[in-house]
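Single-structure report; data block below.
Protein chains in written order, with my numbering: chain A, 1 to 115; chain B, 1 to 116.
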């Protein structure tokens with residue numbers, strides 16, 4: 001199994017508060033991704049990173065920001081959480097990224113509830 | 001336009017039956033990659049298979065098999081002699097190397113329930 005951990009695994013927060021989710025990998029892979037999973041939508045890409053300090057937006061990036069200061073860590077921040085951001089968040093990694101159609105391996109997920 | 005369509009939202013079968021999960025994709029690229037992932041009730045996403053567009057050979061892995069047909073833009077997944085442990089949500093996904101900011105596009109998933 002790919003060495004990917006996410007923290008926290010569960011979080012309940014209130015509308016308007018900032019929230020940061022952490023993804024940590026031990027595989028030294030270059031690419032890291034954040035997805036959200038919602039019923040009826042499958043998985044949708046929020047942001048991804050192709051190297052330290054190199055990030056780009058995905059399909060549903062509004063209301064989210066990311067940072068990657070080290071190869072192993074990719075942080076997802078909800079600047080001001082809203083109820084529509086209640087979801088399950090998955091981190092993924094791949095060795096070389098989309099150009100090679102590389103397989104993405106997923107972390108265990110974080111369940112976020114925004115009240 | 002939806003690029004990956006999994007028309008079967010939910011399927012229920014009795015244990016030991018064979019079941020096929022459908023996946024139809026849409027792309028204009030000649031080079032692309034197709035994937036299947038399994039999400040058991042515990043919630044994690046497990047990679048099952050990756051197939052590139054130049055390899056149309058069917059793949060078999062134990063009770064699992066995949067039928068890739070470019071003529072119909074389909075990449076179907078068959079479980080033979082299903083077991084209760086196969087109960088999960090299965091996702092098909094498409095990667096297009098020249099895509100913009102969506103490196104991997106997922107279908108909405110098919111929930112498979114295998115009843116003992």
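Even for Gly, the Cβ is constructed at its ideal location relative to N, Cα and C.
Going by other Cβ atoms of all chains shown within 10 Å of its Cβ, with 16 needed for buried, is residue i buried or exposed?
{"i": "residue 49/A", "result": "buried"}
{"i": "residue 115/A", "result": "exposed"}
{"i": "residue 120/B", "result": "For chain B, the structure presents residues 1 to 116; residue 120/B sits outside this window and is missing."}
{"i": "residue 41/A", "result": "exposed"}
{"i": "residue 69/B", "result": "exposed"}
{"i": "residue 81/A", "result": "buried"}
{"i": "residue 6/B", "result": "buried"}
{"i": "residue 10/A", "result": "exposed"}
Taking the Cβ atom as the reference point for each residue, do residue i and residue j lie within a distance shorter than 8 Å?
{"i": "residue 59/B", "j": "residue 65/B", "result": "yes"}
{"i": "residue 76/B", "j": "residue 18/B", "result": "no"}
{"i": "residue 6/A", "j": "residue 103/A", "result": "no"}
{"i": "residue 78/B", "j": "residue 9/B", "result": "no"}
{"i": "residue 31/A", "j": "residue 43/A", "result": "no"}
{"i": "residue 90/A", "j": "residue 104/B", "result": "no"}
{"i": "residue 96/A", "j": "residue 20/A", "result": "no"}
From the DSSP output, which residues share a beta bridge with residue i?
{"i": "residue 6/B", "result": "Residue 6/B pairs with nothing; no bridge assigned."}
{"i": "residue 73/A", "result": "24/A, 70/A"}
{"i": "residue 38/A", "result": "42/A"}
{"i": "residue 11/A", "result": "112/A"}
{"i": "residue 113/B", "result": "12/B"}
### Task
With 9 Å as the limit, tell me which residues of the stretch 81-108 of chain A have their beta carbon closer than that to any beta carbon of chain B; keep them in chain order.
Within the stretch 81-108 of chain A, the residues whose Cβ lies closer than 9 Å to some Cβ of chain B are 88, 90, 92, 94, 97, 98, 99, 100, 101, 102, 103, 104, 105, 106, 107, 108, listed in chain order.
### Message
In chain order, what are the residue ranges of uninterrupted beta strand (DSSP E) at least 3 long that sit wholly in the stretch 79-103 of chain B?
### Response
Counting only runs of 3 or more residues that sit fully inside the stretch 79-103 of chain B, the beta strand (DSSP E) segments are 88-95, in chain order.
### Query
Which ranges does the beta strand (DSSP E) cover as unbroken runs of at least 3 residues, wholly within the stretch 28-80 of chain B, from first to last along the chain?
DSSP runs (the beta strand (DSSP E)) wholly in the stretch 28-80 of chain B: 33-39, 46-52, 59-61, 64-69, 74-79.
### Query
What beta strand (DSSP E) runs, 3 residues minimum, are completely inside the stretch 40-64 of chain A?
Fully contained in the stretch 40-64 of chain A are the following beta strand (DSSP E) runs of length 3 or more, in chain order: 42-51, 54-57.
#### Entry: Residues from the stretch 45-75 of chain A in contact with chain B, defined by Cβ distance under 8 Å
Taking 8 Å as the Cβ-Cβ cut-off, the stretch 45-75 of chain A approaches chain B at 45, 48, 56, 57, 58, 59, given in chain order.
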